[in-house]
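Each residue of the sequence shown is one higher than the one before, counting from 1 in our numbering.
Built from N, CA and C at the ideal position, the CB exists for glycine as well.
Computed from a predicted structure; not experimentally measured.
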Amino acid sequence: MCINCPEIDENSADEVKPDSDRNRAVTCASGQFLTIEYESGGTKRVPVTSLTCSSEFAWETTGGTFPGYPSFDELNKAIKWKARCIPPTSGVGPACQALPYDASSAVCGSKYDCYEPVFKNGEVPAKMECDDPGALRRTADIEKIAPTCKNGAWTENGVDFEKTTKVMCINCPDIITNLADEDLPKSEGNSAVTCDKGQLTIEYERDGLRQVPVSSLTCSSEFAWSATGGPFPGFSSFTDLNNEIGWKARCIKPATGDCHSCTKALVSITKNSAGSHDFESDNIDQSGTCAVLSFICKGTSANIEFNKGGGVVMDGEDGAVDGVAKLTLVCNADGTAWKPVVVDMPVTQVECASLGG
């Protein structure tokens with residue numbers, strides 16, 4: 001048998017249809033644009049400069065890129081498509097080639113994070129796009145641009161771009177963190193920066209180490225980091241700081257202290273009951289693993305009541321009836337309360353009493 005490329009599918013509603021010479025070169029009448037139409041996340045129309053039957057009897061094209069597929073060959077193997085002749089009034093024109101990506105600018109990696117635009121050739125009109133609106137830049141001068149494809153040329157506001165115009169996308173640069181921190185700041189696509197734990201803090205050097213808590217850190221519409229909070233010693237604003245020096249974003253745990261930071265102020269001393277009087281001593285010992293606060297009450301039948309009757313320590317509980325009652329408290333792990341050695345209960349009030357006062 002003899003083989004040839006299969007018949008091309010057409011759109012029966014089109015006034016002008018593609019023409020081919022025994023399924024070889026496919027052409028459109030003058031003024032019409034030869035276009036490949038297919039479905040991939042919506043209808044795609046890709047202008048091409050040629051559509052021919054190869055020596056292996058498979059359709060091949062020149063010009064155009066095909067969203068969803070690395071090449072026309074892969075598209076042709078995977079799904080059905082149509083060849084159409086599209087008039088200029090449709091908005092589809094001759095194929096544009098992607099503007100070349102170049103991130104050699106000195107601002108890349110310092111002022112901005114630079115990345116490659118996406119060539120949206122299946123759109124009408126075709127365009128170059130970035131993840132964020134307004135992020136497309138001409139590499140030479142970092143000028144914001146938004147060219148579209150018209151009649152085979154990239155243009156914006158009536159001004160054509162050279163086909164060699166180098167472009168790139170920009171974003172806020174990656175934040176610098178302290179890798180030794182237990183909790184690191186997080187950002188989604190370099191947008192808002194957050195902390196799972198701890199206080200979001202800007203750290204920098206200016207007349208010594210500075211750590212300034214902030215309520216927000218976001219990438220602005222101009223792709224520069226912006227913070228609310230402060231003030232920032234040495235600078236009039238975070239913007240000035242960001243423009244002048246490097247800084248780090250950190251998640252710093254609030255200064256709640258540790259088990260050596262409890263103070264006497266956490267326990268109130270009262271003298272409300274009959275026979276109550278001053279303690280002999282109330283001293284903090286910092287020599288051990290955690291701080292220890294010892295209350296010593298002296299007198300006949302000395303006793304120490306705590307938490308308004310919630311507990312009491314009597315003379316003789318240490319094995320010796322010697323007119324001395326002693327209450328020993330240990331500072332808890334985060335430095336916020338004193339607790340008895342054998343009971344996990346904060347002690348907030350104590351009172352010393354004995355017979356005769």
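Exposed or buried, which one is residue i when buried takes at least 16 other CB atoms within 10 Å?
i	result
Ala302	buried
Met128	buried
Glu250	Going by the sequence as given, residue 250 is Arg instead of Glu. With 16 or more other Cβ atoms within 10 Å, it is buried.
Ser220	exposed
Val313	buried
Pro185	buried
Cys2	exposed
Glu182	exposed
Within a Cβ cutoff of 7 Å, which residues of the same chain sit near residue i, ignoring the five residues on either side of it in sequence?
i	result
Leu75	Tyr38, Phe66, Tyr69, Trp81
Val341	Thr328, Val330
Asp318	Lys326
Considering only the beta carbon of each residue, do residue i and residue j sit closer than 8 Å?
i	j	result
Gly275	Ala325	no
Lys248	Thr328	no
Asp113	Asp174	yes
Ala227	Phe235	no
Cys96	Cys149	yes
Asn121	Gly64	yes
Thr27	Val48	no
Roughly how far, in whole angstroms, is the beta-carbon of residue i from the beta-carbon of residue j, given that I think they are within contact range, below 8 Å?
i	j	result
Leu355	Gly316	Not really, about 14 Å apart at Cβ, beyond 8 Å.
Cys85	Ala13	Between Ala13 and Cys85 the Cβ distance is about 12 Å, and since that is not below 8 Å, they are no contact.
Glu156	Ile145	6 Å
Glu351	Lys253	Contact flag wrong, Cβ pair sits at about 36 Å.
Thr348	Asn307	6 Å
Phe57	Asn4	6 Å
Just to confirm my understanding: we take residue i, look at its own chain, exclude 5 residues before and 5 after, and list those with CB closer than 8 Å. What are they?
i	result
Val118	Met128, Glu129, Cys130
Thr194	Pro185, Lys186, Ser187, Leu200
His260	Gln286, Cys290, Ala291, Cys331, Gly335
Mind checking if residue i is an interface residue toward chain C, Cβ cutoff 8 Å exclusive?
i	result
Trp59	In the displayed structure, chain C is absent; only one protein chain is listed.
For residue i, collect the residues of the same chain with a Cβ closer than 6 Å to its Cβ; drop the 5 residues on either side in sequence, then sort them by chain order.
i	result
Ile115	Here residue 115 turns out to be Tyr, not Ile, going by the sequence shown. Excluding sequence neighbours, Tyr115 sits near Cys169.
Ala333	Cys259
Ala153	Asp160
At least 3 beta-carbon pairs within less than 8 Å: the stretch 161 to 175 vs the stretch 131 to 147: Contact between the stretch 161 to 175 and the stretch 131 to 147 is present, because at least three Cβ pairs lie under 8 Å.
Segment contact, 8 Å Cβ cut-off, at least three pairs: the stretch 281 to 292 with the stretch 240 to 253: With the cut-off at 8 Å, the stretch 281 to 292 and the stretch 240 to 253 do not touch.
Validate contact between the stretch 189 to 201 and the stretch 264 to 271 using beta carbons, cut 8 Å, 3 pairs: Three or more beta-carbon pairs separated by less than 8 Å are not found between the stretch 189 to 201 and the stretch 264 to 271, which leaves the two stretches without contact.
contact_flag[the stretch 51 to 66, the stretch 102 to 116] where n(CB pairs < 8 Å) is 3 or more: no
Three-pair Cβ contact test at 8 Å for the stretch 29 to 48 versus the stretch 1 to 19: yes
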